[in-house]
Amino acid sequence: MILVVMVFLGVVAGVLVRKLTARLSGQEPWRGACEIACAAGAALATTAPSGAAMAAIALLTWWCVCASGVDVLVCRLPNVLTLGGGPVVVAAGIVSGHGRAAVVGAALLTAMMLGAHLLSPRSLGAGDVKLAIGLGAAAGVAGAQAWMIVLLLPPLLTAVAGSLLLLWRRVHPAWSGDRSSASTVVPHGPSMCAAAVLAMLSAG
């Protein structure tokens, strides 16, 4: 029964996420993608050991779906999601009694992402640095192992996505469109979000 309720809430959240994604990006997401992703996140959240953890994972997933959707569509992470959502995650950690872990996790991940951004701005955007605030806080609350997953897994996921994109363009050149360097950029935000959700699930 809990699974059915959570999936239903996920679909409802997906509709809202799709509308917000369209508004922030100026483009319409693939039909049904947000709803399916949010419903899947809600279903996975039911594996959490407590109701609070289940709600936290579901909410994090829905936020990540919106951020990832915008990043995929326009290669940009709006401040309303990163700087708006990050402090909320930190505050949730403080309210739940894990304030130190949330603050330290957010600070360390953001600092490391900032360093990477300064070394290679084209590879890692400022939006990714801001996104690290919320994801680092969530991972910090989940534990050291979860935080390491959020740090180390995203570059691998982005590299795999880039390789698959290049392979797709070789196999389907008619679908490649503009071959300029800008068109080959793979947004890093979705990999960060996927790693964070996986880390939270593994911690649960």
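The opening residue of the sequence shown carries number 69 in my numbering; numbering runs sequentially from there. Glycine is no exception: its CB is placed at the ideal position from the N, C-alpha and C atoms.
Around the Cβ of Met-122, are there at least 16 other Cβ atoms within 10 angstroms (buried) or fewer (exposed)?
Counting Cβ neighbours within 10 Å, Met-122 comes out buried, since at least 16 surround it.
Taking the alpha-carbon of Asn-147 as reference, which of Pro-97, Val-209 and Asp-196 has the nearest alpha-carbon?
The alpha carbon of Asn-147 has as its nearest neighbour, out of Pro-97, Val-209 and Asp-196, the alpha carbon of Asp-196.
Between Ala-264 and Ala-206, how many whole angstroms is the CB-CB distance? I'm expecting something under 8 Å.
The C-beta distance from Ala-264 to Ala-206 rounds to 6 Å, short enough to meet the 8 Å contact threshold.
Do Gly-82 and Cys-102 have their C-beta atoms closer together than 8 Å?
Against a cut-off of 8 Å, the Cβ pair of Cys-102 and Gly-82 comes out as a contact.
For the 8 Å Cβ check, are there 3 or more pairs between the stretch 126–145 and the stretch 88–104?
With the rule of 3 Cβ pairs closer than 8 Å, the stretch 126–145 counts as touching the stretch 88–104.
Given Arg-144 as reference, the closest of Gly-208, Leu-235, Gln-95 and Val-80 once Cα atoms are compared:
Looking at the Cα atoms, Gln-95 is the closest of the given residues.
In chain order, what residues of the same chain have a beta carbon less than 7 Å from the beta carbon of Leu-225, not counting five sequence neighbours either side?
Closer than 7 Å at Cβ, skipping near neighbours: Ser-259, Ala-262 and Ala-263.
The stretch 163–182 touching the stretch 208–216, judged by at least three CB pairs closer than 8 Å
The answer is yes - the stretch 208–216 touches the stretch 163–182, with three or more Cβ pairs under 8 Å.
Give the straight-line distance between the Cα atoms of Gly-257 and Leu-199, rounded to the nearest whole angstrom.
For Gly-257 and Leu-199, the gap between their C-alpha atoms comes out near 8 Å.
Which whole runs of the alpha helix (DSSP H) in the stretch 179–264 are 4 residues long or more, in chain order?
Counting whole runs of 4 or more residues, the stretch 179–264 contains the alpha helix (DSSP H) stretches 194–210 and 212–239.
Can you tell me whether DSSP reads Ser-164 as helix, strand or coil?
Looking at Ser-164 - three-state DSSP - the assignment turns out to be coil, as it is neither helix nor strand.
For Ser-93, collect the residues of the same chain with a Cβ closer than 6 Å to its Cβ; drop the 5 residues on either side in sequence, then sort them by chain order.
These residues qualify, in order along the chain: Val-138, Leu-141 and Val-142.
Determine the DSSP secondary structure at Met-69, reduced to helix, strand or coil.
Shown here, Met-69 sits in coil according to DSSP, grouped into three states, outside any helix or strand.
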